Amino acid sequence: MHLHVFSGSILSLFATLFVFVLFLMAVDEARALARGDDPATNAVRRVIRRYPRFSYVAAVIIGMLFGHLFWT
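Taken in order, the sequence shown gives residues -6 to 65; the numbers are from my numbering.
As C-alpha coordinates, then:
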(Lines of atoms letter the chains of each structure in order from A and count residues from 1; the text may use other names and numbers.)
(Lines give C-alpha, C1' and ligand atoms only; values in the text may rest on other atoms or scores of the structure.)
Protein backbone atom coordinates (compact mmCIF):
# COMPACT_ATOMS: atom_id res chain seq x y z
CA MET A 1 0.00 0.00 0.00
CA HIS A 2 1.47 3.33 -1.09
CA LEU A 3 0.36 6.51 0.64
CA HIS A 4 0.16 9.68 -1.45
CA VAL A 5 0.57 12.90 0.50
CA PHE A 6 -0.30 16.09 -1.35
CA SER A 7 0.75 19.59 -0.37
CA GLY A 8 -2.87 20.72 -0.34
CA SER A 9 -3.78 18.13 2.25
CA ILE A 10 -0.83 19.12 4.46
CA LEU A 11 -1.80 22.78 4.19
CA SER A 12 -5.39 21.89 5.02
CA LEU A 13 -4.23 19.97 8.09
CA PHE A 14 -2.16 22.93 9.32
CA ALA A 15 -5.03 25.34 8.69
CA THR A 16 -7.44 23.09 10.58
CA LEU A 17 -5.07 22.81 13.53
CA PHE A 18 -4.52 26.58 13.54
CA VAL A 19 -8.27 27.28 13.56
CA PHE A 20 -8.75 24.72 16.33
CA VAL A 21 -6.10 26.44 18.47
CA LEU A 22 -7.78 29.80 17.83
CA PHE A 23 -11.12 28.27 18.85
CA LEU A 24 -9.64 26.93 22.09
CA MET A 25 -8.12 30.32 22.86
CA ALA A 26 -11.49 32.01 22.25
CA VAL A 27 -13.22 29.54 24.57
CA ASP A 28 -10.59 30.18 27.24
CA GLU A 29 -10.99 33.94 26.77
CA ALA A 30 -14.77 33.69 27.25
CA ARG A 31 -14.33 31.49 30.32
CA ALA A 32 -11.79 33.86 31.81
CA LEU A 33 -13.99 36.89 31.20
CA ALA A 34 -16.95 35.14 32.82
CA ARG A 35 -14.90 34.22 35.90
CA GLY A 36 -12.84 37.39 36.05
CA ASP A 37 -9.56 35.49 35.59
CA ASP A 38 -6.53 36.31 33.45
CA PRO A 39 -6.97 34.66 30.01
CA ALA A 40 -4.25 32.51 28.42
CA THR A 41 -3.97 34.96 25.51
CA ASN A 42 -2.31 37.43 27.88
CA ALA A 43 0.38 34.84 28.58
CA VAL A 44 0.87 34.31 24.83
CA ARG A 45 1.24 38.07 24.32
CA ARG A 46 3.69 38.26 27.20
CA VAL A 47 5.87 35.47 25.77
CA ILE A 48 5.88 36.96 22.27
CA ARG A 49 6.89 40.37 23.62
CA ARG A 50 9.53 38.86 25.88
CA TYR A 51 11.18 36.76 23.13
CA PRO A 52 10.86 38.73 19.87
CA ARG A 53 13.64 36.74 18.17
CA PHE A 54 11.80 33.47 18.77
CA SER A 55 8.59 34.89 17.30
CA TYR A 56 10.58 36.16 14.31
CA VAL A 57 12.18 32.74 13.75
CA ALA A 58 8.79 31.02 14.09
CA ALA A 59 7.31 33.41 11.49
CA VAL A 60 10.21 32.73 9.10
CA ILE A 61 9.87 28.95 9.49
CA ILE A 62 6.11 29.09 8.92
CA GLY A 63 6.70 31.28 5.86
CA MET A 64 9.29 28.83 4.52
CA LEU A 65 6.87 25.95 5.06
CA PHE A 66 4.05 27.72 3.22
CA GLY A 67 6.42 28.74 0.44
CA HIS A 68 7.56 25.16 0.04
CA LEU A 69 3.99 23.87 -0.06
CA PHE A 70 2.82 26.45 -2.61
CA TRP A 71 5.84 26.45 -4.92
CA THR A 72 6.42 22.73 -5.32
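Every residue gets a Cβ at the ideal spot worked out from N, C-alpha and C, and that includes glycine.
It should be emphasised that the depicted structure is a prediction, and the values quoted were computed from it without experimental measurement.
{"query": "8 Å Cβ cutoff met for Met18 and Ala33", "result": "yes"}
{"query": "His61, enclosing alpha helix (DSSP H) - first and last residue", "result": "Pro45 to Phe63"}
{"query": "Separation of Leu26 from Thr9, as counted between CA atoms", "result": "26 Å"}
{"query": "Residue interval of the alpha helix (DSSP H) (run including Leu4)", "result": "Ser0 to Arg28"}
{"query": "Euclidean distance between Cα positions of Val(-2) and Val40", "result": "34 Å"}
{"query": "Contact set for Leu4: own chain, Cβ-Cβ below 7 Å, skip 5 residues either direction", "result": "Leu62"}
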